[in-house]
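Visitor: Sharing a structure below in structure tokens format, with a few things to ask.
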Amino acid sequence: MVVSPGQGVRRVAAREEPGPAEETAATEAGRPGAAGRSAETIPAAETGAVAAKAIATTRATGALSPEDLRLIDQLSATDRQVRAHELAHMAAGAGLTGGATFTYQVGPDNQRYAVGGEVGIDTSPAADPEETIAKAQQIRAAALAPADPSSQDQKVAAMAAQMASVARLQLAAQERAQNQTPAQESESRISAAAAAYQSVAAAGDDSSAASRAAGFRAFA
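Spelled out as structure tokens, the structure:
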């Protein structure tokens with residue numbers, strides 16, 4: 003899942019409810035994880051080779067039950083899916099994304115499997131409208147890069163589309179201003195000032211009634 007700065011929602015892949023073997027508490031950076039989970043930021047290219055080796059060893063020794071082995075197979079598949087998902091975000095958003103952050107679950111074999119992840123992406127406007135449009139297009143491409151975009155990925159893609167629309171309006175306004183003669187530009191400014199004055203005056207007529215009816219509201 004790709005997320006913009008300040009967003010902390012993680013995409014957690016569908017899985018079965020944890021069994022008794024999954025209830026081992028994991029400790030990460032000095033803090034205990036809940037129900038065998040921990041979070042850590044590592045490169046998305048890390049593979050499950052260690053986990054695969056552990057599975058082969060435990061199967062050979064017969065130390066795990068069939069139920070445990072089935073759970074390990076599910077966790078291994080989820081791990082591969084999650085890592086591929088986040089790697090797709092990072093590849094399409096190169097230059098705008100950071101490293102991937104994964105949420106882990108400890109399996110019956112005491113190995114950690116990624117069950118969720120996120121990739122942060124820079125969604126701030128660029129220096130000018132043209133650069134902002136190009137940046138927004140890359141953000142949208144990065145958000146929708148995985149084969150299974152999450153709802154959060156869809157939100158980031160929609161935000162990028164809106165970002166591009168605003169930049170296009172700004173670019174069009176700049177082009178109109180460049181093509182105007184000094185007289186036309188002055189007239190446009192006068193018209194804009196008059197419209198703004200009328201809007202403020204109209205709002206002032208109803209301000210007392212509005213304040214009595216609804217009070218004061220501040221929006222961040």
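Numbering-wise (the working numbering), the sequence shown opens with residue 3 and increments by one.
All C-beta atoms in this analysis are idealised placements derived from N, C-alpha and C, irrespective of residue type, glycine included.
In chain order, which alpha helix (DSSP H) runs of at least 4 residues are fully inside the segment 119-192?
Guide: Counting only runs of 4 or more, we get 131-145 and 153-181.
Visitor: If you compare alpha carbons, which of 112, 91, 116 and 171 is closest to residue 79?
Guide: Within the sequence shown, the letter at position 77 stands for residue 79. Selected option, being the one with the closest Cα: 116.
Visitor: Would you report the Cα separation of residue 154 and residue 182, rounded to the nearest angstrom?
Guide: Stepping through the sequence shown from its first residue, residue 154 is reached at position 152. Stepping through the sequence shown from its first residue, residue 182 is reached at position 180. Distance between the alpha carbons of residue 154 and residue 182 is about 43 Å.
Visitor: Can you list, in chain order, the residues of its chain with a C-beta nearer than 6 Å to that of residue 95? Leave out the 5 residues immediately preceding and following it.
Guide: In the sequence shown, residue 95 corresponds to position 93, counting from 1. So the qualifying residues of the chain are 123 and 144.
Visitor: How far does the alpha helix (DSSP H) with residue 107 in it reach, from first residue to last?
Guide: Indexing the sequence shown from 1 puts residue 107 at position 105. It is not in any alpha helix (DSSP H) - residue 107 instead sits in the beta strand (DSSP E) that spans 99-108.
Visitor: Identify every residue that forms a DSSP beta bridge with residue 86.
Guide: In the sequence shown, the residue the question calls residue 86 occupies position 84. DSSP output for residue 86 lists no bridge partner at all.
Visitor: Quick check on the burial criterion: 16 or more other C-beta atoms within 10 angstroms. Buried or exposed for residue 152?
Guide: Here the question's residue 152 lines up with position 150 in the sequence shown. Per the 10 Å Cβ criterion, buried.
Visitor: So, is residue 130 buried or exposed, given that buried needs 16 or more other C-beta atoms within 10 angstroms?
Guide: In the sequence shown, the residue the question calls residue 130 occupies position 128. Counting Cβ neighbours within 10 Å, residue 130 comes out exposed, since fewer than 16 surround it.
Visitor: Restricting to Cα atoms, I'd like to know which of 75, 121, 168 and 128 is closest to residue 146.
Guide: To locate residue 146, count along the sequence shown from 1; it is residue 144. Answer by Cα proximity: 121.
Visitor: Just to confirm, are residue 111 and residue 70 a CB contact at a threshold of 9 Å?
Guide: Within the sequence shown, residue 111 is the residue found at index 109, counting from 1. Within the sequence shown, residue 70 is the residue found at index 68, counting from 1. Yes, these two residues count as a Cβ contact at 9 Å.
Visitor: Around the Cβ of residue 148, are there at least 16 other Cβ atoms within 10 angstroms (buried) or fewer (exposed)?
Guide: Counting from 1 along the sequence shown, the entry for residue 148 is found at position 146. The residue is buried, with at least 16 neighbouring Cβ atoms inside 10 Å.
Visitor: Taking the beta carbon of residue 142 as the centre, do at least 16 other beta carbons fall within 10 Å, making it buried, or is it exposed?
Guide: Numbered from its first residue, the sequence shown carries residue 142 at position 140. The residue is buried, with at least 16 neighbouring Cβ atoms inside 10 Å.
Visitor: Identify every residue that forms a DSSP beta bridge with residue 117.
Guide: Locating residue 117 in the sequence shown gives position 115, where the first residue counts as 1. Looking at the DSSP assignment, residue 117 forms no beta bridge with any residue, so it has no partner.
Visitor: Between 170, 99, 180 and 107, which lies nearest to residue 136 when the distance is taken from Cα to Cα?
Guide: Sequence index remark: in the sequence shown, residue 136 carries index 134 (1-based). Per the Cα distances, 170.
Visitor: Measure how close the beta-carbons of residue 73 and residue 109 come, nearest whole angstrom, since I'm counting them as under 8 Å.
Guide: Locating residue 73 in the sequence shown gives position 71, where the first residue counts as 1. Locating residue 109 in the sequence shown gives position 107, where the first residue counts as 1. Rounded, the Cβ-Cβ distance is 6 Å, consistent with contact.
Visitor: Here's a check: name, in chain order, each residue in its chain whose Cβ is nearer than 8 Å to the Cβ of residue 139, leaving out the five neighbours to either side.
Guide: Taking the first residue of the sequence shown as 1, we reach residue 139 at position 137. Around residue 139: 162 and 166.
Visitor: Can you have a look at residue 102 and say buried or exposed, based on whether 16 or more other CB atoms are within 10 angstroms of its CB?
Guide: As a working mapping, residue 102 is identified with position 100 in the sequence shown. With 16 or more other Cβ atoms within 10 Å, it is buried.
Visitor: If you run the structure through DSSP and keep just helix, strand and coil, what is residue 5?
Guide: For this step, residue 5 is matched to residue 3 along the sequence shown. Strand.
Visitor: Does DSSP classify residue 70 as helix, strand or coil?
Guide: Taking the sequence shown and counting its residues from 1, the one referred to as residue 70 is at position 68. Residue 70: helix per DSSP, three-state reduction.
Visitor: Can you tell me which of the three DSSP states residue 111 falls into?
Guide: Position 109 of the sequence shown holds residue 111. Coil at residue 111, not helix or strand.
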